[in-house]
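**Q** Residue numbering for the sequence shown follows numbering that gives the first Met the number 0, beginning at 0 and increasing consecutively.
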Amino acid sequence: MNNTEKYYGVEELYCWDCHKVLEVNDDGSLVDAEKLKVQKGSDGTPSIVIKCKTCYDKNNKVVIPQACEVYSRVVGYLRPVTQWNEAKQEEFKARKVFKIKNDEEHNTNNG
Ligand SMILES: [Zn+2]
Numbered sequence: 000m001n002n003t004e005k006y007y008g009v010e011e012l013y014c015w016d017c018h019k020v021l022e023v024n025d026d027g028s029l030v031d032a033e034k035l036k037v038q039k040g041s042d043g044t045p046s047i048v049i050k051c052k053t054c055y056d057k058n059n060k061v062v063i064p065q066a067c068e069v070y071s072r073v074v075g076y077l078r079p080v081t082q083w084n085e086a087k088q089e090e091f092k093a094r095k096v097f098k099i100k101n102d103e104e105h106n107t108n109n110g
């Protein structure tokens, strides 16, 4: 690991993925962690994201969580759930999701 940047004066560093508190050596270098640079904002200002070794090995890319638009069927049309009326949104929460076995799977399972 080659950490040229130091982290003096930083009280606590967290892993981006698992939020574990990361250790910093007395000389200010990271212990078992990796730095990733991300282009942030429209001005392209880079910022630093830190991941613990375990999370970095699993995924060395930075995933920025963002809202996901969910479409579902309501009164015969596919519409984003966020645009449904309040009552229908409540009904959506009560819906059960299930998977229908296809014929191939069904046959394999029965030998
Ligand atoms: Zn982690």
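From the three backbone atoms N, C-alpha and C, an ideal C-beta is built for every residue, glycine too.
Between the alpha carbons of TRP83 and ALA66, how many angstroms are there, rounded?
**A** Within the sequence shown, residue 83 is the residue found at index 84, counting from 1. Within the sequence shown, residue 66 is the residue found at index 67, counting from 1. In a straight line, the C-alpha of TRP83 is about 17 angstroms away from that of ALA66.
**Q** Between which two residues does the beta strand (DSSP E) carrying TYR6 extend?
**A** Here the question's residue 6 lines up with position 7 in the sequence shown. That residue, TYR6, is in no beta strand (DSSP E); it is neither H nor E in DSSP.
**Q** Closest to ASP16 by CA distance: which of LYS98, LEU77, ILE63, SER46 is it?
**A** Here residue 16 corresponds to residue number 17 of the sequence shown, with the count starting at 1. For the residues LYS98, LEU77, ILE63, SER46, the minimum Cα distance to ASP16 belongs to ILE63.
**Q** What does the alpha-carbon distance come out to for the pair ASN24 and CYS51?
**A** For the purposes of this step, residue 24 is identified with residue 25 of the sequence shown, where counting begins at 1. For the purposes of this step, residue 51 is identified with residue 52 of the sequence shown, where counting begins at 1. In a straight line, the C-alpha of ASN24 is about 14 angstroms away from that of CYS51.
**Q** Does the distance from the C-beta atom of LYS36 to that of VAL20 stay below 9 angstroms?
**A** As a position in the sequence shown, residue 36 is number 37, starting the count at 1. As a position in the sequence shown, residue 20 is number 21, starting the count at 1. No; because the gap between Cβ atoms is not below 9 angstroms, this pair is not in contact.
**Q** Taking GLU33 and TYR6 to be in contact with their CB atoms under 8 angstroms, please state how far apart those CB atoms are, rounded to whole angstroms.
**A** On the sequence shown, residue 33 is found 34 positions in, with the first residue counted as 1. On the sequence shown, residue 6 is found 7 positions in, with the first residue counted as 1. Contact flag wrong, Cβ pair sits at about 14 angstroms.
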